[in-house]
Every structure is written in C-alpha cells, then in structure tokens.
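What follows is a set of notes on a single structure, which appears directly below.
Numbering (our numbering), first residue to last: 60 to 475.
This is the structure:
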C-alpha cells in the first residue's frame, strides 16, 4: 500500500489523478526497454538512465514519484543511489529494486532503504512481471490521465490467504549483542513475503493487504511459529538466544491473542521468558482497554514486551506508564546522529537513563559504525543492534554467523 506522500503526489491537492513520473535505472538496454514499454503502456511518464549518477541528475530536474533501480551498475550502483537519494532535500520518490542477483543482495538494498528512511515498496526478480510491478506501484489498472483509478489489491482473497500464509512468508533474523561484553543476546525476527512472481516484498506492503482481508492474526501466528522453529534449531546447535517478534495493534486488541501465544509456545516447547513481543510506538491502538489486559496477561505468562522506535510517536511517556514493557528500543535517527550532533546525543543519553530508572533494558537500534557502537556502550545501553553488528539473515546463515562471532575481539577492536 503506497504511503500518504505517494498518494498526495499521485492525486494532487484536488484529488485528481495526475500522470506519474518514474525513473528506471539499469545499465542493461534490454531491461530498460522492457520496463519502459510496460510502464508507458500503463500510462506512466518514464525516463530511463543507465546508472545512479544519471538518475540523480534527473531527480534534481523535477519531482518523480518512483525510482525503479537495478543494484549492480557501473559509475554508481544501486546502494550508492539509495544513499544519495536519502540525502537529497525534498526527495519523496519511492524505491523499487529489480535485480537478477540473489536474495541476500536484494535484502541488503531493502534494509538500506529503510535505514535511510526512504519509502521502499519492494523488490522484483528479473525478468519483471507486469502484474507484480503494478502491485508494487499500488494499482491494478493503468493510471490514464482522464480517469480516476482506485488503489486496489491485485490478489484475490483465497489466493492471498493460501500463498501468503502457507508458502510465501519467510523470516529473516537480525542479531543483537550485549554492550558490556559483546556476547550475542538475541535476534529480532523480520517478516518477508516471497511472491509467486519472484519478488521479495517487505511488511510495509503486504501487512496492510493482510489487514484489509482480516488475516493479520494469521500472519502473526505464522511468523511466530516459523521463528520458534528456527529458535529450536539453533538450540540443537548449542546457540541459545532470546527471540523478538513484531506484533500489530490488531493482535493485542484481540482477547484470543494470549491463548495463541501460549499455545504456540507450548507447541514448540519454548519457555515464555525467551520470547519478547515488539510494539512500534507509532502504532495506533484503537481498543486500549483490551490491549492493556492482553499485554498484562502476556507479562504474567512471562513473555517480554518491547517498545520499538521510542521517541517517534506522540505519547511515548504515556505508553511507558500504562504498558508493562520490559525493553525499550531507541529510534534509529537518534543513534545515527548522536555521535556527531549534541542534541541527539543528549536525547539518547536521557532516554537510556529514563528507561533504566524504570527498570527497562535498552537496545540501541540502527548501530551502523564503530563510533555509534562506542557511544551506545559509553551511555550505558544494555544492547545494540544494527548493520555494524550484522545484517538480517536467514536462520541457517545465523548459525554460521553465531559460530564465527568473536565478542572479545569485537569489544577490543570494534569489529566482529
């Protein structure tokens, strides 16, 4: 589902559909021609470029709603393009990655766009499917200038439920470490959707679709089950870690959710104390009374509760007061800017002190370099998570990573 900024760019102030502008960035002439034809036939205004530098020059000439980019290119690759776009003032273009490279390469681009705060709509494998591309662009028919096209879901309900819940949901895991000694604390489970067309779609796209069809509880249960299965596999390898799983407001506003968690934990033979459920601060909780009871009962069970992106919402202190959290995760921009900017450093310092005075563990999320890692440790954060430690990875890759991890070397030299 496109974000509000994309909707505004699409419809304008009067709510009338405007012709959307797309930059295609690919050094392969054939790929550019195919995408140009697909998008032009769908009513888009398309400009093709062969590398990131050319694309940036075009973006500066006027507003573009979408950038569709390959990753491996000469002069400036897709990773550098994403970084440069994030640093451009006033840039609001959403990003779609198309690549013939493997999932790890695409996954890195996905996470990089999120770290930089860009609107990342998803990724597609080459050759690109027209239907899947239009899904990511947020529509089902061509956006011709003289007709208003509603944003609809390409997937029929029965196809969505089977494809998403049974076969296509896949977890990736990002480790976190203890700041005190560099040892592995746990992993956060992040959801991805592998579409039948070969695309890799992030939760920002498929979770709104799931919510519209009433499937949010099934998505959460499926991800929880997959994550606990992975956790049991790691325990057999003598890798004992804690597990964080994200939940939605729909989950915690349902009285059945406590039983779902309890049954899933029992089914996999995992102690509740090993599981922490993450809520994002910006999530809107419609039924606060039910949510408070559900979260309270989860804590009585022994399940931990984490408040993610602390400082990004409008009522963080109220949530800390009313909900029995056990962990607080700092919002990424504070961590990113704190090493070089005094205001962010003061905010981060006081956030850590506040949380710890309330008895909460603090995870600094978005640690991307040694300076940020050192600062998190100096300010007294309990844990750290981010690209400097490890990127999201499959469960199998996590086993290899964990066995090679050298915590003392990390603490002494700032590298893993």
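We put the CB at the ideal spot given by N, CA and C, even for glycine.
Bridge partner(s) assigned by DSSP for residue i
{"i": "residue 312", "result": "Answer by DSSP bridge pairing: none, since residue 312 is not bridged."}
{"i": "residue 80", "result": "104"}
{"i": "residue 452", "result": "232"}
{"i": "residue 444", "result": "235 and 424"}
{"i": "residue 178", "result": "DSSP lists no partner for residue 178."}
{"i": "residue 338", "result": "366"}
{"i": "residue 246", "result": "234 and 302"}
{"i": "residue 319", "result": "Its beta-bridge partners do not exist; DSSP assigns none."}
{"i": "residue 382", "result": "Answer is none; residue 382 lacks a bridge partner."}
Which listed residue (the options) has its alpha carbon closest to that of residue i
{"i": "residue 316", "options": "282, 276, 102 and 325", "result": "276"}
{"i": "residue 415", "options": "144, 438 and 393", "result": "438"}
{"i": "residue 90", "options": "314, 110, 362 and 387", "result": "110"}
{"i": "residue 323", "options": "123, 282, 99 and 349", "result": "282"}
{"i": "residue 304", "options": "466, 247, 326 and 227", "result": "247"}
{"i": "residue 293", "options": "321, 327 and 267", "result": "327"}
{"i": "residue 425", "options": "446, 321 and 408", "result": "446"}
{"i": "residue 98", "options": "251, 192, 169 and 402", "result": "192"}
{"i": "residue 82", "options": "226, 157, 449 and 362", "result": "157"}
{"i": "residue 329", "options": "361, 347, 356 and 339", "result": "361"}
{"i": "residue 385", "options": "103, 125 and 357", "result": "357"}
{"i": "residue 188", "options": "137, 262 and 94", "result": "94"}
{"i": "residue 56", "options": "348, 166, 307 and 289", "result": "Because the chain spans 60 through 475 in this model, residue 56 falls outside it and cannot be assessed."}
{"i": "residue 428", "options": "337, 321, 391 and 387", "result": "391"}
{"i": "residue 147", "options": "236, 164, 165 and 114", "result": "114"}
{"i": "residue 504", "options": "237, 159, 134 and 284", "result": "Because the chain is modelled from 60 through 475, residue 504 falls outside the range shown and cannot be assessed."}
{"i": "residue 452", "options": "103, 163, 128 and 155", "result": "163"}
{"i": "residue 160", "options": "129, 179 and 178", "result": "129"}
{"i": "residue 267", "options": "243, 235, 280 and 308", "result": "308"}
8 Å Cβ cutoff met for residue i and residue j
{"i": "residue 331", "j": "residue 286", "result": "no"}
{"i": "residue 458", "j": "residue 296", "result": "yes"}
{"i": "residue 359", "j": "residue 311", "result": "no"}
{"i": "residue 432", "j": "residue 443", "result": "yes"}
{"i": "residue 182", "j": "residue 194", "result": "no"}
{"i": "residue 241", "j": "residue 96", "result": "no"}
{"i": "residue 394", "j": "residue 435", "result": "yes"}
{"i": "residue 145", "j": "residue 176", "result": "yes"}
{"i": "residue 124", "j": "residue 153", "result": "yes"}
{"i": "residue 301", "j": "residue 333", "result": "yes"}
{"i": "residue 366", "j": "residue 379", "result": "yes"}
{"i": "residue 306", "j": "residue 325", "result": "no"}
Residue i, buried or exposed, once every other Cβ within 10 Å from all chains shown has been counted against 16
{"i": "residue 422", "result": "buried"}
{"i": "residue 335", "result": "buried"}
{"i": "residue 273", "result": "exposed"}
{"i": "residue 239", "result": "exposed"}
{"i": "residue 132", "result": "buried"}
{"i": "residue 463", "result": "exposed"}
{"i": "residue 190", "result": "exposed"}
{"i": "residue 233", "result": "buried"}
{"i": "residue 388", "result": "buried"}
{"i": "residue 401", "result": "exposed"}
{"i": "residue 209", "result": "Legend: pLDDT at residue 209 = 30, less than 50; position of this residue unreliable, value from coordinates given subsequently. Classification of residue 209: exposed, given that the 10 Å Cβ count is below 16."}
{"i": "residue 116", "result": "exposed"}
Near the ligand ZN: residue i beta-carbon under 7 Å from a heavy atom
{"i": "residue 123", "result": "With respect to small molecules bound, the structure shown includes none, and the ligand ZN cannot be examined in it."}
In the stretch 87–134, which residue ranges form an unbroken beta strand (DSSP E) of at least 3 residues, counting only runs that do not cross its ends? 104–108 and 125–128
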